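In full-length UniProt numbering, the protein residues as written are 1 to 282. Backbone N, C-alpha and C fix where the C-beta goes; we use that ideal spot for every residue, glycine too. Bear in mind that the values here come from a model prediction, so they are computed numbers and not experimental data. So the structure is just underneath, and the comments pick up after that.
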């Protein structure tokens, strides 16, 4: 993608420079031919602007179409490949469900459950791969979904690792129009951090205030000097915590692309993250 972007910038710059030179030469010639006065200069300039736009269109189309044709071909090949990968995994899953009805032996049931778990993981990887590829080539679909569904999914994922932490969720019946998979990743990261940096018997509160999704967690208060760098890649306030410091960077990247303003505010006994969802609430 970087090479393609570089080639596009170079090609476009050369084309624009060529058109500018052509227009300047034409302008000089026409002014020389018809003489210089205000009326003729305005007419000549308008004609040349229209000429430049038309020329740019006809010259850029054959130049840039091959440059981006590979994206279309790649997307088609990826869709076909992913479809072929999905078929055997779905077949295994459906047949495992049918076999489960007839099995009596506990060992066989356990083996079948392992097959089902492995198949589910394959399907998750399939969905994840499809999403990442679509994101890379700019083909992410946006549609309507319930915010509380996203939050409940995240809470279920972290049920086994939250320990003594209490999660209070007050979100109900709020519709969002955005990239659902991306939004799920964002909330997973935020909830993971709220658990990771919490304290024993701590609390996480999730609520809405004037289109602001607020996630508060007890625990160590974030240092104010880190508020300016907290979204940078690989940043970790506590180096003793596990992870690579990519979570909030991923969150910020998604929020910027989807016009969601994000703020982190230190509180007296914890930290609160606020997402302004006014542009994505449907």
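| query | result |
| --- | --- |
| Kindly say whether residue 134, judged by its beta-carbon, lies nearer than 8 Å to any beta-carbon of chain D. | Looking at the structure shown, chain D is missing, and only one protein chain is on hand. |
| By DSSP's criteria, residue 202 is part of a beta bridge. Which residues make up the other side? | Residue 202 is not bridged to any residue. |
| If you draw a straight line from the alpha carbon of residue 123 to that of residue 87, how long is it in whole angstroms? | 10 Å |
| Apart from the five residues on each side of it in sequence, which residues of its chain come closer than 6 Å, Cβ to Cβ, to residue 181? | 131 |
| Where DSSP assigns a beta bridge to residue 272, which residues make up the other side? | 216, 265 |
| Tell me which residues share the same chain as residue 89 and place their Cβ nearer than 8 Å to its Cβ, disregarding the 5 neighbours each side in the sequence. | 119, 122, 123, 126 |
| According to DSSP, is residue 178 helix, strand or coil? | strand |
| Work out the CA separation of residue 195 and residue 160 for me, nearest whole Å. | 11 Å |
| Relative to the C-alpha of residue 275, which candidate in 255, 176, 179, 269 has its C-alpha closest? | 255 |
| Assuming residue 222 is part of the beta strand (DSSP E), what are its boundary residues? | That residue, residue 222, is in no beta strand (DSSP E); it is neither H nor E in DSSP. |
| Out of 188, 53, 220, 200, state which residue places its alpha-carbon closest to the alpha-carbon of residue 206. | 188 |
| What number of angstroms, rounded off, separates the C-alpha of residue 184 from the C-alpha of residue 106? | 36 Å |
| Does the Cβ-Cβ distance between residue 281 and residue 174 come in under 8 Å? | yes |
| Determine the direct distance from the alpha carbon of residue 152 to that of residue 109, and round the result to whole angstroms. | 30 Å |
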